[in-house]
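Protein chains in written order, with my numbering: chain A, -12 to 375; chain B, 61 to 218; chain C, 2 to 380.
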Amino acid sequence: MGRAVAVIGTGQTRHGRRDDVSYPDLIKEAVKAAFEDAGITSQDIDAVVYGSMPSMMEGVAYNHFYFADALRVVGKPLLRTETCGSTGQSIAHTGIYWIASGMADIILVVGSEKQHEGDAQATMTTIPEAFMHADFVGGAPVAFSMQSREWMGHFNIDEDKAREAAAIISVDCHDGGLKNPYAHIRVNITKEDAMKARIITYPVRLLDVCPSSDGACAVIFASEDKAKKICKKPAWVKGTGFRGEEYFSGDSSKAVWQSAIEASKEAYKQAGITDPLKELDVAEVYNPFTYQQLMFLECLGFCPPGESPDYVVKGVFSPGGKLFCNPSGGVLCTNPIGAAGLIRLAEAAMQVTGKAGAIQVEGAKLALSHAMGGALQFNGITILGSEL
Amino acid sequence: MAEKNEKPRTIHTVLRVPFEMALGPTWTRFFEGLREKKILGTKCKECGRILVPARPFCPRCFEPMEEWVEVAQEGTIITWSYVNYTYFGVTADMIPIVPTRIKLDGVDGGWGGRIGGFDIKDFDLVNKKVKVGARVKAVWSGERHGHLRDIEYWEIIE
Amino acid sequence: MQKVGIVEVAMTPGTESSLSLMEFTYKPVKEVLDKAGLRRDQVGTYVLASTDIMHSGMSCANAFDWDAAGAFMKPASREEGDGITAFIYGCMRIMSGRHDTALVVGLIKGSENAENDTITSCFADPFYSRPLGIQETTAAAMQMRLYLERYGITEEQCAKVVVKNLGNALFNPYAHIKKRVSVEDVLKSERICDPLKAMECAPKSDGVCAMLLASEEKARKLTNNPVWLKGWGSSMDTFYLGDRDLLDTQLKTAAVGAYKMAGISDPRKEIDVAEICEPYAFQELLWCEELGFCAQGQGGKLIDSGVTQIAGDLPVNPSGGVLATNPYVSRGLYRVAEAALQIRGEAGQHQLDKKVNTALACAGYGFAGQWHGVAILGN
């Protein structure tokens, strides 16, 4: 990568049902927070990158036009990047490439969603075309339930053991959500609650599923020179990776998810990481469903394929474990989709700069953030570190 | 700015946007196959993989896929789920649904469909009968329109 | 900053195609790869441009488009917006030093989408602009009215743009609308949104444009005839039309940025040809002013002078422009491709009868041109 790039500020809205504000006001809330965190103003930025889910989500197409003022982009360049669920990572990558190219020094990246203004699952069913996927019903929960069962079948994973591991993830995340001031879902649950919750799309039960959230996230990236001048403690971009598979989800195995595997390998190579479980201090893994987190623990190389339930049951990824995953409560507690992948990155930046407050992992120096999207197709990774 | 004690309002809007999507020659032929109770795939001359539905080109090798193959109507379940919730467009009378992905014999990759042929309202029965690795066969609809639902459902064969 | 070269381009005609969107996209992508002698997996990175609301009814367009773009298991991304943004993002990916080749593709089948005005009315916020019936055509009509009244531009001068561009399109094999028209024909066509006449509004076209970009070293290996990116600028305006002076646009800001990067001080003299985005005829005149091809309010005189004709000093839209071919999402990438072909001397029947060293390509979209991007290319 050309020039080094760092995160110099992050901002999030309070996520949840936000019909107390209009959509532009929601964006403004995150943008303002990011500027305050970075200690700069909109005059200091060279350009803006924005992304969200498709227009059907909120019923306004090309909504970057509508948000021009809230994004503080009037009179400046804007790129809009969108890759479905992985949008949050892709918009960060656009900002990173933009600065690395030398075409800009400071860039504001914003992702958002206001899911309560539309019907998320109805939108999801429009991702596939209408004629070949006539049987695609149930939106995202079905796609991901099917994937988790394919994974269990492929590795002969005992259904009860996977069930227990998923419940542990649910409890850890909901505990994190309670401590995270921005989180949407704030409930105290037990493993028993998670295991016995109502079936949504088998094997996924209610407490395995993320909510529909309204929220926005803003992250300010800067070149090495600017970051060192402006920011006492920047979070340095150590590596990025992105891969996508075929459109027809039957074309590739979803049990051994190659886009996640290869995207993380690309990022590890850049970051010089050979043993992620040992070297990473914390990970923000995109987990709209608990079972997907189990799979990602394997695909991202944190444990051998087919063994994530054992590792989870042993507490490797729980608070105090070798690699705490999703101290923020993850997507499971907060899911404004277009922002969710960027929230992972913001949380990772907060962790490596010691700004994570009640959910701080002590001494965290190297953090992974991740998002996935499409018809079980796309995975994006950004690794951040406290040292250049 | 709104008064603190007054809840800001929302407005209700509905957007309708029509589309008309071309199937093109590859998928037109594929759907004509369904009308004749045939499942058609195409074979890649580079990697040799057979993909269903038929494809104009191989997504990996990026060469045209011009060799047509009629594939088996039986296969094994790769995965399945049980849809038990409603949302805009999916009403209570439409659920439950048991979607599945099937590896048809001789085909590389999976085919999407629905399991049927018994009382799927009984989840325990579904969970007992429908297994990853179980064998299934296509059950065709009496009247076919060159549509994916010409295969009415996939039946578990013991 | 790393130099970036355009290695190859390919595009489809703008007429309605009976191919599926997947087949339609595949063809020019495959053509570009074959021309460059590269396999799909040998390209470093891919950037797509497509738009969910103009994507044949499918959301998260990149999901469906990934296969035909050739992006399977490659580092890649997708711009939701004009194809020119995929072009510049592809350039940035190369400038970062991380990839030495990038394939960019902008795609749309307009024939499968709703009317342009139905689509663009979805850009409006649901509270204020949408109930007022604001979409791109109504916004453009208000902009045109202001243009006519403030500067005394005549409807004849606006109509001349249609005559010129459709005339040029007769020689472009990729053009959608091919017919010889007169100023009178244009003026007599239905006043669909006064003062805009039907023939002054762009059609709704199909169109995929694919382009292979490379680093300087790699470009010189892949082609004897690379076209270099010399400058880039873009800028966004505020949303509500009432907050803007519709004749003082962000195209000016975008152009200043691009000229600065390219080291251009007198665009009228230094630019040999321009491919600009004029979905409404009068906009070509207004944009020419904003690009510094003439003084403010002089757009009418510029077309009267013949300078922008295909044989003029500074031909504008020798391809026929967007008035002839309007694949909404990829039209900006078509401008870049056409500009590159002019520099290479490969534009075919509409090749200019002079040496083209420097070309300008620009794109704009949104109400009355809310966003603009300007690229300068050189040999």
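C-beta: ideal position from N, C-alpha, C; glycine also.
Being a predicted model, the structure only gives us computed values, none of them experimental.
DSSP places residue 133/A inside the alpha helix (DSSP H), whose first and last residues are 126 to 141.
Out of 349/C, 35/C and 363/C, the CA that lies nearest to the CA of residue 317/C is found in 363/C.
At a beta-carbon threshold of 8 Å, none of the residues of chain C lie near residue 110/B; the nearest stands roughly 16 Å away. For the pair residue 59/C and residue 211/C, the CB atoms are not nearer than the 9 Å cut-off. Looking only at 194/A, 31/A and 217/A, the smallest Cα-Cα distance to residue 274/A is reached by 194/A.
By the Cβ neighbour-count rule, residue 201/C is buried, with 16 or more other Cβ atoms within 10 Å of its own. A direct Cα-to-Cα measurement between residue 217/A and residue -4/A gives close to 10 Å. In this structure, residue 173/C sits near residue 321/C, with a CB-CB distance shorter than 9 Å.
DSSP lists 203/A as the bridge partner or partners of residue 99/A. For residue 24/C, same chain residues with a beta-carbon under 8 Å away, outside a window of 5 residues either side, are 69 in chain order. Boundaries of the alpha helix (DSSP H) harbouring residue 166/C: 156 to 170, taken from the DSSP string. Taking CB atoms only, residue 218/C has no neighbour in chain A less than 9 Å away. Under the 10 Å beta carbon count, residue 78/B is surrounded by fewer than 16 other beta carbons and is classified as exposed.
Within chain B, no C-beta atom comes nearer than 9 Å to that of residue 79/C; the closest sits roughly 16 Å away.
At a cut-off of 9 Å, the C-beta of residue 136/A has no neighbouring C-beta in chain C.
Of all C-beta pairs linking the stretch 301 to 315 of chain A to the stretch 274 to 289 of chain A, three or more are shorter than 8 Å, placing the two stretches in contact. Scanning its chain for C-beta atoms nearer than 6 Å, with the 5 sequence neighbours on each side dropped, one finds around residue 311/A the residues 269 and 348, in chain order. Between residue 54/C and residue 42/A, the C-beta spacing is below 9 Å. With a threshold of 16 other beta carbon atoms within 10 Å, residue 79/C meets it and is buried.
Interface with chain B (9 Å Cβ-Cβ cutoff): residue 74/C is included. Shown here, residue 192/A sits in a strand according to DSSP, grouped into three states.
DSSP, reduced to helix, strand and coil, places residue 331/A within a helical segment of the structure shown. Inside the stretch 310 to 339 of chain C, DSSP marks whole alpha helix (DSSP H) runs of 4 or more residues at positions 322 to 325, from first to last along the chain.
Contacts between residue 119/A and chain B, judged by CB atoms closer than 7 Å, involve 113 and 208 in chain order.
Scanning chain A for C-beta atoms nearer than 7 Å to the C-beta of residue 94/C yields 84, reported in chain order.
Annotation for residue 90/B: 100, 113 and 114 place their beta carbon closer than 6 Å to its own, counting only its chain and skipping 5 residues before and after. Following the DSSP letters along the chain, one finds residue 95/B inside the alpha helix (DSSP H) bounded by residues 84 to 95. For residue 71/A, the neighbours in chain C by C-beta distance under 7 Å run, in chain order, 61, 63 and 64. Interface residue (Cβ-Cβ distance to chain B less than 9 Å): residue 311/C is not classified as such. Pairing residue 245/C with residue 278/C gives a Cβ-Cβ distance that is not under 9 Å. With a threshold of 16 other beta carbon atoms within 10 Å, residue 68/B falls short and is exposed. Residues of chain B whose Cβ lies closer than 7 Å to the Cβ of residue 113/C are, in chain order, 79, 80, 81 and 82. Proximity of chain A to residue 371/C at the Cβ level (cut-off 8 Å) is accounted for by 52 and 55, in chain order. Residue 120/C belongs to the set of residues whose beta carbon lies under 9 Å from a beta carbon in chain B. Against chain C, the CB of residue 66/A has a partner CB under 9 Å away; the residue lies at that interface.
A Cβ-Cβ contact shorter than 9 Å links residue 76/A with residue 356/A.
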